[in-house]
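Residue numbers for the sequence shown, in UniProt numbering: 1 to 522. All residues carry an ideal CB built from backbone N, CA and C; glycine is no exception. Note that the structure is predicted; figures quoted are calculated from it, not measured.
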Amino acid sequence: MDGEAGSSGLAKSAAVKLSEMGERTKKLGTAMKDPRQQRRIILVIVCVALLLDNMLYMVIVPIIPDYLADLESEQSEHVHVVMHPNTSANSTSQDKSNKDNLDVQIGVLFASKAILQLLVNPLSGTFIDRVGYDIPLLIGLTVMFVSTCIFAFGENYATLFAARSLQGLGSAFADTSGIAMIADKYTEEAERSTALGIALAFISFGSLVAPPFGGVLYEFAGKRVPFIVLACICLADGFLLLTVIKPFSNRTRENMPVGTPIYRLMIDPYIAVVAGALTVCNIPLAFLEPTIANWMESTMHSTQWEMGLTWLPAFFPHVLGVYITVKLAAQRPNLQWFYGALGMVIIGASSCTVPACKTFGQLIAPLCGICFGIALVDTALLPTLAFLVDVRHVSVYGSVYAIADISYSVAYAMGPIVAGQIVHNLGFVQLNLGMGLINVLYAPALLLLRNVCQMKPSHSERDNLLEEAPQGLYDTIKMEERRAKKKGYSSAGNCLSVDENGFDPFRAQRSLSEESSGPEYT
1 MDGEAGSSGL
11 AKSAAVKLSE
21 MGERTKKLGT
31 AMKDPRQQRR
41 IILVIVCVAL
51 LLDNMLYMVI
61 VPIIPDYLAD
71 LESEQSEHVH
81 VVMHPNTSAN
91 STSQDKSNKD
101 NLDVQIGVLF
111 ASKAILQLLV
121 NPLSGTFIDR
131 VGYDIPLLIG
141 LTVMFVSTCI
151 FAFGENYATL
161 FAARSLQGLG
171 SAFADTSGIA
181 MIADKYTEEA
191 ERSTALGIAL
201 AFISFGSLVA
211 PPFGGVLYEF
221 AGKRVPFIVL
231 ACICLADGFL
241 LLTVIKPFSN
251 RTRENMPVGT
261 PIYRLMIDPY
271 IAVVAGALTV
281 CNIPLAFLEP
291 TIANWMESTM
301 HSTQWEMGLT
311 WLPAFFPHVL
321 GVYITVKLAA
331 QRPNLQWFYG
341 ALGMVIIGAS
351 SCTVPACKTF
361 GQLIAPLCGI
371 CFGIALVDTA
381 LLPTLAFLVD
391 VRHVSVYGSV
401 YAIADISYSV
411 AYAMGPIVAG
421 QIVHNLGFVQ
431 LNLGMGLINV
441 LYAPALLLLR
451 NVCQMKPSHS
461 ERDNLLEEAP
471 QGLYDTIKME
481 ERRAKKKGYS
491 SAGNCLSVDE
501 NGFDPFRAQR
511 SLSEESSGPE
521 YT
């Protein structure tokens, strides 16, 4: 009887749990039908993907140099014992040569991710524009999961190099499609700035927390554990994407317009200025990350924990900068260019003061200034890219955020390779002064964006397209009629017609319509 009662109780508890899971599934399904809740869930998925990518990018900083040094020492000892069993001559010069070779290997390994990402982004941006945002995001998460597993179990330089390069491939899809998806779902400028600001906060958190996270787990649990943890989170995020967004069953992309080719976006002067600013403002961070630890050790005799926690305090001013910029942009959206220029000046001033620091406490202030300035620039200019596409091109965001990713990749591809050579040939002081000067000199270029806000049309091109739910890819005739009706009254206040902005985003579609439909529709 006791056994029957126990089994009955277990059955009841299992039934209760199943019913609770069913209720949660129903609530999740109901939430996905609500556009506002759907956007929030998508934002969570994208933010976790960006967090993972940046944690994987930075988690190797305290792990790989030490791990490769151990591998190098084991190999050199084995070779020395085999070839010179009874002598230790020239051991000093051999050690120096091995160290130089190891530094080059580490620099190439760190840069390989950004280099491959830089090469793949033009293709991934076009691919995202063609198939939508959800499938490329799933591809990116899958590749990142595979690369993380390879990192966990790789035991030689070639395997680790392949894993690092593979991560760049995954990032080219995950980062670009994730940011583009946020811009696509949040069409209002204030909401878009807030959502992109949240995404930037996750990027910052991943970049700045990953080194201490990886260092602690590597010290106490071994090399594999940090990567296994990240792989599990990546797997969970991919599963959430599959169950919530259902990328293979979502075919709403069929009714969306064809995006502007990436080469046309690259020659847009406004987009080019923004892309240049994103590259220049990230150069100090990209160049200091591989060089500042050696400088701290040689000048202020910093301990290992100080070098590991160098960037962690900078997370808080970065989040503060995101918050301030979002609030200011909501009140004065026409000053986005000014917030970006101000951020570049702050970055420049902070970079110039880094070499003057003599203690770890003093160093925190300029590093916080650099991250605060980067937050201002990124939070102000990333929404501006989507806005420029809305008013000057077609509201499809894969290619434009591929350009943004290319801008970041340029800085982080050069950093690990070029920064060390500059420090070796010119010195750490000259490196920082040069980076600061470049940022200050580039800031006035953002004046070109001061009238961008006036380009905003009375209704976005996407609203024109989707208000009446077109049946095919484009209902060009109906669009031409709607545009003709709107053309006369959009010049009041701060609203200009699309022609006055300098581009006709539907020129290609109109010409295709004329070829297929004949001259009676012109």
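Just verifying my parser: in three-state terms, what is the DSSP assignment at Lys358? As a working note, residue 358 is residue 358 in the sequence shown. Annotated three-state conformation of Lys358 is coil, per DSSP.
In whole angstroms, give me the CA-to-CA distance for Ile346 and Ala380. Within the sequence shown, residue 346 is the residue found at index 346, counting from 1. Within the sequence shown, residue 380 is the residue found at index 380, counting from 1. Ile346 and Ala380 have their C-alpha atoms spaced approximately 14 Å apart.
Excluding sequence positions up to five away, which residues of its chain have a Cβ less than 6 Å from the Cβ of His80? Walking along the sequence shown from the start, residue 80 turns up at place 80. Low local confidence applies: a pLDDT of 46 at His80 is under 50, so the model's placement there is unreliable, and no value is given.
When you compare the CB positions of Gly214 and Val59, do they come within less than 7 Å of one another, or not? Here residue 214 is taken as the residue at index 214 of the sequence shown, counted from 1. Here residue 59 is taken as the residue at index 59 of the sequence shown, counted from 1. Contact: yes.
If you compare alpha carbons, which of Cys368, Glu219, Met266 is closest to Pro284? Indexing the sequence shown from 1 puts residue 284 at position 284. Nearest option by C-alpha distance: Cys368.
Do you know whose CA, among Val322, Leu102, Met296, Asn334, lies nearest Asn451's CA? Position 451 of the sequence shown, counted from the start, is the residue given in the question as residue 451. The shortest CA-to-CA distance from Asn451 to any of Val322, Leu102, Met296, Asn334 is the one to Asn334.
In three-state DSSP terms, what is Glu191? For the purposes of this step, residue 191 is taken as residue 191 along the sequence shown, with counting starting at 1. Secondary structure at Glu191: helix, using DSSP grouped into helix, strand and coil.
Check Leu138 in the structure and name its three-state DSSP category. Looking up residue 138 in the sequence shown gives position 138. Reduced to three states, the DSSP call for Leu138 is helix.
So, is Leu160 buried or exposed, given that buried needs 16 or more other C-beta atoms within 10 angstroms? Along the sequence shown, read from residue 1 onward, the residue named residue 160 stands at position 160. A residue is called buried when at least 16 other Cβ atoms come within 10 angstroms of its Cβ; Leu160 meets this threshold and is buried.
Assuming Glu297 is part of the alpha helix (DSSP H), what are its boundary residues? Residue numbering aside, residue 297 sits at position 297 when the sequence shown is read from its first letter. Per DSSP, Glu297 is one residue of the alpha helix (DSSP H) stretching across 292 to 299.
Roughly how many angstroms lie between the CA atoms of Ile477 and Leu50, to the nearest whole one? Here residue 477 is taken as the residue at index 477 of the sequence shown, counted from 1. Here residue 50 is taken as the residue at index 50 of the sequence shown, counted from 1. With a pLDDT of only 40 at Ile477, under 50, the local geometry of the prediction cannot be trusted, and the value read off the model is given with reservation. Distance from the CA of Ile477 to the CA of Leu50, rounded to the nearest whole angstrom, comes to 40 Å.
Which runs of the alpha helix (DSSP H), 4 residues or longer, sit entirely within the segment 385 to 427? If only uninterrupted alpha helix (DSSP H) runs of at least 4 residues are considered, those enclosed by the segment 385 to 427 are 398 to 425.
Is Val423 near Leu431, with beta carbons less than 7 Å apart? Here the question's residue 423 lines up with position 423 in the sequence shown. Here the question's residue 431 lines up with position 431 in the sequence shown. In this structure, Val423 lies near Leu431, with their beta-carbon atoms less than 7 Å apart.
Using 8 Å as the cut-off, can you tell me whether the segment 405 to 422 makes contact with the segment 271 to 286, which would need three or more C-beta pairs spanning the two stretches below that distance? Segments in contact, yes.
I need the boundaries of the alpha helix (DSSP H) containing residue 533, first residue and last residue. In the structure as shown, the chain begins at 1 and stops at 522. Residue 533 is therefore absent and cannot be evaluated.
Going by C-alpha distance, which of Leu446, Val418, Ala356, Ala413 is nearest Val429? Residue 429 sits at position 429 when you count from the first residue of the sequence shown. Relative to Val429, the option among Leu446, Val418, Ala356, Ala413 whose CA is nearest is Ala356.
Taking 6 Å as the limit between beta carbons, can you name the residues of its chain near Ala443, skipping five residues before and five after? Residue 443 sits at position 443 when you count from the first residue of the sequence shown. Closer than 6 Å at Cβ, skipping near neighbours: Ala341, Met344, Val345.
Have a look at Ala293 and Met307 and give me their C-alpha separation to the nearest angstrom. As a working mapping, residue 293 is identified with position 293 in the sequence shown. As a working mapping, residue 307 is identified with position 307 in the sequence shown. Approximately 6 Å between the Cα atoms of the pair.
For Ile150, does the three-state DSSP call read helix, strand or coil? In the sequence shown, the residue the question calls residue 150 occupies position 150. Ile150 sits in a helix when the DSSP states are folded into three classes.
Simplified DSSP state of Val229, which is helix, strand or coil: Translated into the one-based positions of the sequence shown, residue 229 becomes position 229. In this structure, Val229 counts as helix in the three-state DSSP scheme.
Does the pairing of the segment 190 to 210 with the segment 136 to 148 give three or more beta-carbon distances under 8 Å? They do not touch, by the three-pair rule.
First through last residue of the alpha helix (DSSP H) which encompasses Tyr157: Counting from 1 along the sequence shown, the entry for residue 157 is found at position 157. Counting along the chain, the alpha helix (DSSP H) containing Tyr157 begins and ends at 157 to 185.
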